[in-house]
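In what follows, a structure is listed as C-alpha cells, so that the remarks can point back to it.
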Amino acid sequence: MKLNNYINGSWQEGGGADYTAVVNPANGETLCEVKLSGKSDVDEAVKAAKRAQKEWALVPAPKRADYLYEIGRLMKERKEHLAQVLTKEMGKVIEEGRGEVQEGIDMAFYMAGEGRRLFGETVPSELQDKFAMSVRAPIGVVGLITPWNFPVAIATWKSFPAIVAGNTFIWKPATETPMMAYEMAKIFDEVGLPPGVANVVFGSGGEVGTAMIEHPDIRVISFTGSTETGRRVAELGGRHLKKVSLEMGGKNAVIVMDDADLDLAVEGILWSAFGTAGQRCTACSRVIVHRDVKKELEQRLLEQMKGLTIGDGLDESVRVGPVVNAPALEKIHSYVEIGKQEGAKLLAGGRILEDDGLKGGYYYEPTLFTDVKWDSRIAQEEIFGPVISLIEVGSLDEAIEVNNSVTYGLSSSIFTRDVNQAFRAQRDLDTGIVYVNAGTTGAEIHLPFGGTKGTGNGHRDSGVAALDVFTEWKSIYVDYSGKLQRAQIDTE
Ligand code: NAP
Numbered sequence: 005m006k007l008n009n010y011i012n013g014s015w016q017e018g019g020g021a022d023y024t025a026v027v028n029p030a031n032g033e034t035l036c037e038v039k040l041s042g043k044s045d046v047d048e049a050v051k052a053a054k055r056a057q058k059e060w061a062l063v064p065a066p067k068r069a070d071y072l073y074e075i076g077r078l079m080k081e082r083k084e085h086l087a088q089v090l091t092k093e094m095g096k097v098i099e100e101g102r103g104e105v106q107e108g109i110d111m112a113f114y115m116a117g118e119g120r121r122l123f124g125e126t127v128p129s130e131l132q133d134k135f136a137m138s139v140r141a142p143i144g145v146v147g148l149i150t151p152w153n154f155p156v157a158i159a160t161w162k163s164f165p166a167i168v169a170g171n172t173f174i175w176k177p178a179t180e181t182p183m184m185a186y187e188m189a190k191i192f193d194e195v196g197l198p199p200g201v202a203n204v205v206f207g208s209g210g211e212v213g214t215a216m217i218e219h220p221d222i223r224v225i226s227f228t229g230s231t232e233t234g235r236r237v238a239e240l241g242g243r244h245l246k247k248v249s250l251e252m253g254g255k256n257a258v259i260v261m262d263d264a265d266l267d268l269a270v271e272g273i274l275w276s277a278f279g280t281a282g283q284r285c286t287a288c289s290r291v292i293v294h295r296d297v298k299k300e301l302e303q304r305l306l307e308q309m310k311g312l313t314i315g316d317g318l319d320e321s322v323r324v325g326p327v328v329n330a331p332a333l334e335k336i337h338s339y340v341e342i343g344k345q346e347g348a349k350l351l352a353g354g355r356i357l358e359d360d361g362l363k364g365g366y367y368y369e370p371t372l373f374t375d376v377k378w379d380s381r382i383a384q385e386e387i388f389g390p391v392i393s394l395i396e397v398g399s400l401d402e403a404i405e406v407n408n409s410v411t412y413g414l415s416s417s418i419f420t421r422d423v424n425q426a427f428r429a430q431r432d433l434d435t436g437i438v439y440v441n442a443g444t445t446g447a448e449i450h451l452p453f454g455g456t457k458g459t460g461n462g463h464r465d466s467g468v469a470a471l472d473v474f475t476e477w478k479s480i481y482v483d484y485s486g487k488l489q490r491a492q493i494d495t496e
C-alpha cells in the first residue's frame, strides 16, 4: 500500500522523489510506503487551506463543532481498528493504543462543546453609553508538526481546537507514523469537512516542516517533538514572526517519601517508566527516593519487574512493547553504557533483546540503575526508553531540588501520605504537570498539557488553553452615545 497526501479534499501523490517504508517495530515487517513530499506540496496545501479558511471562519462555531461530533463518532466506531494500526505502526501495547485513540475521541467531543462556548468577556466601559467586549478570532492557516510517540492524540490536541476556532490546517505527521494520519485524513474526508479545511502532507521535517515554517501564509506553527528540533523550529519561526507553540522533551521524576504507600509507588513507577517502552514525553526516568525506604523500594521494583512481559504489543498479555526503531535502540543502549561509566549501579536490564520471538524487532530490556548521582548525564538527559535511575535523598526539600535540577519541566509526581508534604510539593515542583500519589503519566484532555523551561515556551496543548494558540483576542468597543467620547480623558 502507498499513502498519498490529503490536500484540498482529495488524495494526491507527493511531489518528492523518494518513498519511505513504514516498518512495524515489533517484527521489522514493512507495513506500507509513503511518498515524501516537497515544498511544492506544502505550497499547494497552503493555497487550498487559505482559500477554504475565509468561508470556514464564517461558518457558525456550533456548526463547525458538528463536524467534530461526527469525527468523534467515527473514531469511536473505529476505535479497535485505529488502535491496531497505531500499535503496528509505533509499537505501544494495544491497551495503550486503545487509550490513545480514546484520548482523541474525548478531545473531539470536548472541543465540539467549545463550539457553543468559545467564551470572550463583556466588561463595563469606563464611559457612559459604551459597550466593551473581547472575542476570540481565528488566526488563519495553521501548521501542525507532530511526533511519532503519540501519533493520533497529539494531532487531535492541535487540529480540533484549530478547526473549531475557525482556522484551517496543514498537518505534517512524523515520518515514522504516517498511517495514523492517513486514517484520520480518511475520517476528515468522510465527515465531509469542506475541501482545504484539513490537509495532511507527508514528508521529512527538514523539507516539509521547514517549508511550512517559512511559508508566509501559515501564521501559527504548533510543534511537538524533541527540544533540539523545537529550538530550530523556534529560531526559524522567530525569523518569520510566526506564533510558535512548542511542546518538547522531558526528564520526569517520581518522588517517593519515607511515608509513601510503597506498593502504590511501585505500581505508579512501573506504569510511568515502562509504558510505551519509556517513550512517553511524560515517562518517569528518575525516581527520587528517601534514603529510609530506598532498599525496600529497590527490592520491590526488582521483584515486580520480573513480571513484565516483553513482546509484540498486539499480544494482550504483553506489558512492554518494542521501541520505535534501530537508532532509538542504539541511543538507549549508549545511555546505559554512559550510566555504567558514571558509576551508577545496574540492578536489572541493560540489554538489547534478541531472544526467540523478539527477533527482527527493536526490544530493550526494562532497566534499573541505582546510586545515580543527581547531576550525572543519565539523570539529566532525556533517554526516551525503558530506563529508570534511582537517586537517593534525605528530605523533601532535597527531593524537590533534585527534581528541579534538570533543564526540562514537563511532569513530576510525589508519593506521600502527609498532606502538608503533598501541598508543599505541588507548589514547589517546577513542572507543568504534578501528580500526587500517581505516576508521571495520565493527563486528561480537559486540562492544559505542557511544561516549563526546556519543555515548552509558555503555550499549552489540550484543555481550553489550546484555544489560545489558535485564536487572537480581539477587543471591541461600541459607543452608542452619539458623540466622541475619549477614553482616559472624558472620564472625569
Ligand atoms: P522530533 O525528532 O523532534 O520530531 C518531531 C516532529 O518534528 C516530526 O514530525 C519531525 O519530522 C519534525 N521535524 C524534524 N526536524 C524538523 C525541522 N528541522 N523542522 C520542522 N520539523 C522538523 O521528535 P520525535 O523523535 O518525533 O519525538 C520524540 C520527542 O518528542 C521527545 O523528545 C519527547 O519528549 C517529545 N514529546 C513531547 C511532548 C510534549 O507534549 N511535551 C509529547 C510527545 C513527545 P520527521 O519525522 O520527518 O523527522
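If you want this note's numbering, it's the position in the sequence shown, counting the first as 1, plus 4.
The C-beta atom is built at its ideal place from N, Cα and C for all residues, glycine as well.
- Under the DSSP assignment, S226 falls in the beta strand (DSSP E) whose first and last residues are 222–228.
- Per DSSP, the continuous beta strand (DSSP E) segment holding Y481 begins and ends at 475–483.
- Annotation: E386 to A332 spans about 12 Å, alpha carbon to alpha carbon.
- Secondary-structure assignment with DSSP links G361 through no beta bridge to anything.
- DSSP, reduced to helix, strand and coil, places L394 within a strand of the structure shown.
- Assigned with DSSP and collapsed to three states, E369 falls in coil, not helix or strand.
- Within its own chain, the residues whose Cβ lies closer than 6 Å to the Cβ of G282, once the five positions on either side in sequence are excluded, are G389, P390, listed in chain order.
- Under the three-state reduction of DSSP, V340 is assigned to helix.
- By the beta-carbon neighbour count (other beta carbons within 10 angstroms, threshold 16), R421 is exposed.
- Beta-bridge pairing by DSSP links M137 to T126, I480.
- Taking N407 as the centre and dropping the five residues before and after it, the same chain places the C-beta of A257, I259, I292, S416, L433 closer than 7 Å to its C-beta, in chain order.
- With contacts defined as CB atoms closer than 8 Å, G454 and G460 qualify as a contacting pair.
- Remark: fewer than three beta-carbon pairs, one from each stretch, lie closer than 8 Å, so the segment 393–410 and the segment 353–365 are not flagged as touching.
- N461: not part of any alpha helix (DSSP H); DSSP gives it neither H nor E.
- If you draw a 10 Å sphere on the C-beta of D133, you find fewer than 16 other C-beta atoms in it, and that means exposed.
- Excluding five sequence positions before and after T228, the CB atoms of its chain that fall closer than 6 Å to its own CB belong to T150, P151, I158, E251, given in chain order.
- Taking V212 as reference, the option from A178, A202, D70, S276 with the minimal CA-CA separation is A178.
- For A447, the closest of S409, G103, S338 by C-alpha to C-alpha distance is G103.
- Relative to the ligand NAP, E386 has its C-beta within less than 7 Å of a heavy atom.
- DSSP places S289 in the strand class (E or B) of the three-state scheme.
- Beta-bridge partners of A202 (DSSP): F173.
- At a Cβ-Cβ threshold of 8 Å, A53 and G200 count as neighbours.
- Residue pairing of S416 in beta bridges, as defined by DSSP: A257, V438.
- In the three-state DSSP reduction, A52 falls in the helix class (H, G or I).
- Within its own chain, the residues whose Cβ lies closer than 8 Å to the Cβ of F113, once the five positions on either side in sequence are excluded, are L72, Y73, G76, listed in chain order.
- In the DSSP assignment, L305 falls within the unbroken alpha helix (DSSP H) covering 298–309.
- By DSSP's assignment, T160 forms no beta bridge with any residue.
- Annotated as proximal: R290 and A383, with beta-carbon spacing under 8 Å.
- Within the same chain, and ignoring the five residues on either side of S129 in sequence, the residues whose Cβ sits closer than 6 Å to its Cβ are A136.
- Within the segment 34–106, the complete beta strand (DSSP E) segments of 3 residues or longer fall at 34–39, listed in chain order.
- At least one heavy atom of the ligand NAP falls within 7 Å of the beta-carbon of P177.
- Look at K246 here: in three-state DSSP terms it is coil, with no helix or strand label.
- In the structure shown, I149 falls within a strand segment according to DSSP collapsed to helix, strand and coil.
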